[in-house]
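Each residue of the sequence shown is one higher than the last, beginning at 2 in the working numbering.
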Amino acid sequence: MSTSAGHLIVKTLEAHGVSRVYAVPGESYLDVLDGLHDAGIHTVVTRHEGGAGFMALAEGRLGSVPGIAMVTRGPGAANAMIAIHTAWQDATAMVLFVGLIPLADRGRDSFQEFSLEGWFSTTAKGVFVLDDEHQAGDLVARALRLATTGRPGPVVVGLPEDVLVRMTDSPVPAVHPLPEAAPGAAGLRTLATMLSAAQRPAIIVGGDGWDADTSGALADFAVAAHVPVLADWRAYDAIDHDSPAYAGWLGYGRAERTVAALNDADLLVFIGCTRSDVLSEGYKSALDTPTIVVSNDAELIGHAGRIDAHLGVSPAEFVAALPAGYSLSGTRGAQWMEGLRTEQLAFTRPGPDGGTGVDLGVAFEALEAALDADRIITYGAGNATLWGHRYLSHHGPRSLVGPRNGAMGLSVPAAVAASIMHPGRLVVAICGDGDFFMNAQELAVSFAHGGTPLIIVVDNGIFGTIVAHQQQHYPQRPSGTAMENPNFAQWIQSFGGHGEFVESTADFAPALERALASGLPAVLHLKTDPSTMGPGTVAHRAEANA
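See below:
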């Protein structure tokens, strides 16, 4: 039976288990939108292409299939670029569909014409253009597969508007299973030999694709083998924070002891991640330490330093093949693991920060106590997130979305997408005032699709991370880092949501209780001291306010 290429694209997405697409509509892909009209796919219309891309990224990180975003040509594709860059550096599976000009207009500088390959080829796993309507289904299937296999990442597919309306008899392609693998015997023997001999080994977990069984099994193995587990930057949900093996995270805002542990270790086992820039303190830490890497990325993109063995499998395939942990403990006692665990618990014990306005140390202690164990937390970028990283816990995989590449504006669209995906779970976004207003408009999408995220906005009136750098390199010369904010509580109230402006620490817990009880999308606007640059720290007032 003949169908249009645009409708075949939609049918292929359905066959591959896609439940939602995030889109800003455009005349360049009207036939795909028409195909979605009768499909079992939920079309989430967003307010900005960057928001659509970030929602698709959140879907890819929290779900089991790549997230899907759809935008139009030229300006629409430009706005979506930030999500593609984030998905590339974060190794998150997503597919961006971009409507394009008709084939006959190509190369004439026609309205909104641009080079899809030129824009995206250096920051995507693949860039394809549908020039043959008969290949529509196969191209989509290829893009979904490529986004998922090996090192996950974004794939971009261009859709010329005239090709989409052409008819084809091509069938919906079959869904092929992803390749299965098991770690080779030689790699497992190397692991067993090195781990049994090590006195201070450490496991570092990260990346996407973890599930509850894999996470739990690895935690049990680590405890039995007396191996502490550290997490990569903004990948803290790969292991339950209540595990006796969990010893904290590496990257920005981490405890000094975790960096010391990385350098003190005599064996490092990376699972699902690599010794990358942020994790290694700018390629400075533990580069010569004996290292085993477990990753199905054949190129090990981003890895620096020594590699003694590379097991090219996923975390699930690796953990399933592990022997009992006690069999690889050698002569190693539990003191190394237990010492790091004790220090991590001390590091995450909240305390007052001091300063004026809302004391975030106290506020985040109340927030941690109020949240359900299965909460999903999303983050933006900036110093405001450090309180969440330090004081909010995770108890299962796929419960955290944050930009590992430091992209601002992710927190709100990620929270909106998470709340739509998981209507029965509490979703909380942690963001600064700068991050919040980059994509705050996407909260409107929550009202249209039943999401009820809670947004915590830390308002210090500055771009805090940049101010910290200015204080270090250009003291007493603030420039280009201050901002004036509206009342965000009144802003969300104008949508019909719940909003409260909180100026004192004592007012936070009651406001939080009311927000959680409201059953509405909610914003708590916290006014804080700009001299409080991180958990437990208050900078000199004159320096901060100069």
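The beta-carbon is built from N, C-alpha and C at its ideal position, and this holds for glycine as well.
Short of 8 angstroms in beta carbon distance, which residues of its chain neighbour residue 499, apart from the five on each side in sequence? Order them along the chain. On the sequence shown, position 498 is the one that residue 499 refers to. Correct list, in chain order: 493, 515, 516, 519, 521, 522, 523, 524.
Our contact map puts residue 23 next to residue 53 with C-beta atoms below 8 angstroms; I'd like the distance itself, whole angstroms only. On the sequence shown, residue 23 is found 22 positions in, with the first residue counted as 1. On the sequence shown, residue 53 is found 52 positions in, with the first residue counted as 1. About 4 angstroms separates the two Cβ atoms, so the contact holds.
Rounded separation between residue 262 and residue 439 - CA only: Stepping through the sequence shown from its first residue, residue 262 is reached at position 261. Stepping through the sequence shown from its first residue, residue 439 is reached at position 438. Rounded to the nearest angstrom, the two C-alpha atoms are 37 angstroms apart.
Given residue 19, which residues of its chain have a CB within under 7 angstroms of its CB, disregarding the five upstream and five downstream residues? Residue 19 sits at position 18 when you count from the first residue of the sequence shown. The residues are 42, 66, 69.
With 16 as the cutoff for other CB atoms within 10 Å, does residue 95 come out buried or exposed? Here residue 95 corresponds to residue number 94 of the sequence shown, with the count starting at 1. Residue 95 should be labelled buried.
Over the uninterrupted alpha helix (DSSP H) stretch that includes residue 550, give me the two end residues. There is no way to answer for residue 550, as the model of the chain reaches only from 2 to 547.
According to DSSP, what are the bridge partners of residue 525? Counted from its first residue, the sequence shown places residue 525 at position 524. Note: residue 525 sits in a beta bridge opposite 457, 501.
Where the alpha helix (DSSP H) containing residue 316 begins and where it ends: Working through the sequence shown from its first residue, we reach residue 316 at position 315. Looking at the DSSP string, the run of the alpha helix (DSSP H) that includes residue 316 is 316–322.
So, at 6 angstroms on beta carbons, what are the nonlocal neighbours of residue 62 in its own chain, with the 5 sequence-adjacent residues on each side left out? Here residue 62 corresponds to residue number 61 of the sequence shown, with the count starting at 1. Counting only Cβ-Cβ distances below 6 angstroms, and skipping sequence neighbours, we find 93, 209, 402.
Assuming residue 513 and residue 411 are in contact, meaning their beta carbons sit under 8 angstroms apart, how far apart are those beta carbons, in whole angstroms? Here residue 513 is taken as the residue at index 512 of the sequence shown, counted from 1. Here residue 411 is taken as the residue at index 410 of the sequence shown, counted from 1. With 8 angstroms as the limit, residue 513 and residue 411 do not qualify as a contact, their Cβ atoms being about 22 angstroms apart.
Per DSSP, which one or two residues make a beta bridge with residue 43? Position 42 of the sequence shown, counted from the first residue, corresponds to residue 43. Paired residues: 21.
Quick one: what's got a C-beta closer than 8 angstroms to residue 267's C-beta in the same chain, skipping five residues either side? Here residue 267 is taken as the residue at index 266 of the sequence shown, counted from 1. In the same chain as residue 267, and ignoring 5 residues on each side of it, the C-beta atoms closer than 8 angstroms to its own belong to 199, 200, 201, 202, 290, 291, in chain order.
In the DSSP assignment, find the alpha helix (DSSP H) that holds residue 511 and state where it starts and stops. Working through the sequence shown from its first residue, we reach residue 511 at position 510. Counting along the chain, the alpha helix (DSSP H) containing residue 511 begins and ends at 509–519.
Beta-carbon proximity of residue 347 to residue 379, cut-off 8 angstroms: As a working note, residue 347 is residue 346 in the sequence shown. As a working note, residue 379 is residue 378 in the sequence shown. The criterion of a C-beta distance shorter than 8 angstroms is not satisfied by residue 347 and residue 379.
From 183, 222, 506, 155, pick the residue whose C-alpha is nearest to that of residue 338; which is it? One-based indexing of the sequence shown puts residue 338 at position 337. Here the closest residue by C-alpha is 222.
Using only CA atoms, which one of 281, 78, 316, 228 lies nearest to residue 307? As a working mapping, residue 307 is identified with position 306 in the sequence shown. Of 281, 78, 316, 228, the residue nearest in Cα terms is 281.
Tell me, please, whether the stretch 118–132 touches the stretch 432–452 by the rule of three or more beta-carbon pairs shorter than 8 angstroms. Flag = no, the stretch 118–132 and the stretch 432–452 do not touch.
Identify every run of the beta strand (DSSP E) within the stretch 282–319, keeping only runs that are complete inside it and at least 3 residues long; order them along the chain. As far as the stretch 282–319 is concerned, its whole beta strand (DSSP E) runs of at least 3 residues are 292–295, 310–312.
Spatial neighbours of residue 166 in its chain, beta-carbon cut-off 7 angstroms, leaving aside the 5 residues before and after: Your numbering for residue 166 matches position 165 in the sequence shown. Spatial neighbours of residue 166 in its own chain (CB-CB distance under 7 angstroms, excluding positions within 5 residues in sequence) are listed in chain order as 5, 7, 32.
Residue environment, residue 470, which counts as buried when at least 16 other CB atoms sit within 10 Å: Here residue 470 refers to the residue found at position 469 when the sequence shown is read from its first residue. By the 10 Å Cβ count, residue 470 comes out exposed.
Could you give the first and the last residue of the continuous beta strand (DSSP E) run that contains residue 433? Walking along the sequence shown from the start, residue 433 turns up at place 432. DSSP places residue 433 in the uninterrupted beta strand (DSSP E) bounded by 428–433.
With DSSP collapsed to three states, give me the class of residue 253. The residue labelled residue 253 in the question sits at position 252 within the sequence shown. It is coil, neither helix nor strand.
Three or more beta-carbon pairs under 8 angstroms between the stretch 298–305 and the stretch 318–327, yes or no? Fewer than three Cβ pairs drawn from the stretch 298–305 and the stretch 318–327 lie within less than 8 angstroms of each other, which leaves the two stretches out of contact.
Residue 95 - DSSP class collapsed to helix/strand/coil: On the sequence shown, residue 95 is found 94 positions in, with the first residue counted as 1. Three-state result, residue 95: strand.
Between the stretch 123–142 and the stretch 79–91, do three or more beta carbon pairs fall short of 8 angstroms? Under the three-pair Cβ rule at 8 angstroms, the stretch 123–142 counts as touching the stretch 79–91.
Does the separation of the CB atoms of residue 468 and residue 479 fall below 8 angstroms? The residue given as residue 468 occupies position 467 in the sequence shown. The residue given as residue 479 occupies position 478 in the sequence shown. Yes; because the gap between Cβ atoms is below 8 angstroms, this pair is in contact.
Under the rule that 16 or more other beta-carbon atoms within 10 Å means buried, what is residue 541, buried or exposed? The residue labelled residue 541 in the question sits at position 540 within the sequence shown. Since pLDDT at residue 541 reaches only 33, below the 50 mark, its modelled position is unreliable, and the value read off the structure follows with that caveat. Exposed, by the Cβ-count rule.
Give the DSSP-derived three-state secondary structure of residue 476 in the structure shown. The residue you call residue 476 lines up with position 475 of the sequence shown. In the structure shown, residue 476 sits in coil (DSSP, three-state: anything other than H, G, I, E or B).
I need the straight-line Cα distance from residue 273 to residue 169, nearest angstrom please. The count along the sequence shown starts at 1 and reaches residue 273 at position 272. The count along the sequence shown starts at 1 and reaches residue 169 at position 168. C-alpha separation (whole angstroms): 41 angstroms.
Return helix, strand or coil for residue 377, following the three-state DSSP convention. Start at 1 with the first residue of the sequence shown, and residue 377 comes out as number 376. Strand.
Please tell me whether residue 51 and residue 115 are closer than 8 angstroms, where the distance is taken between their beta carbons. Here residue 51 refers to the residue found at position 50 of the sequence shown. Here residue 115 refers to the residue found at position 114 of the sequence shown. With contacts defined by Cβ atoms closer than 8 angstroms, residue 51 and residue 115 do not form a contacting pair.
Residue 424 to residue 58 span [Cα, whole Å]: The sequence position of residue 424 within the sequence shown is 423, counting from 1. The sequence position of residue 58 within the sequence shown is 57, counting from 1. Whole-angstrom Cα-Cα distance: 18 angstroms.
Given that a residue counts as buried once 16 or more other Cβ atoms are within 10 Å of its Cβ, and exposed if not, what is residue 285? The residue you call residue 285 lines up with position 284 of the sequence shown. Its Cβ having fewer than 16 others within 10 Å, residue 285 is exposed.
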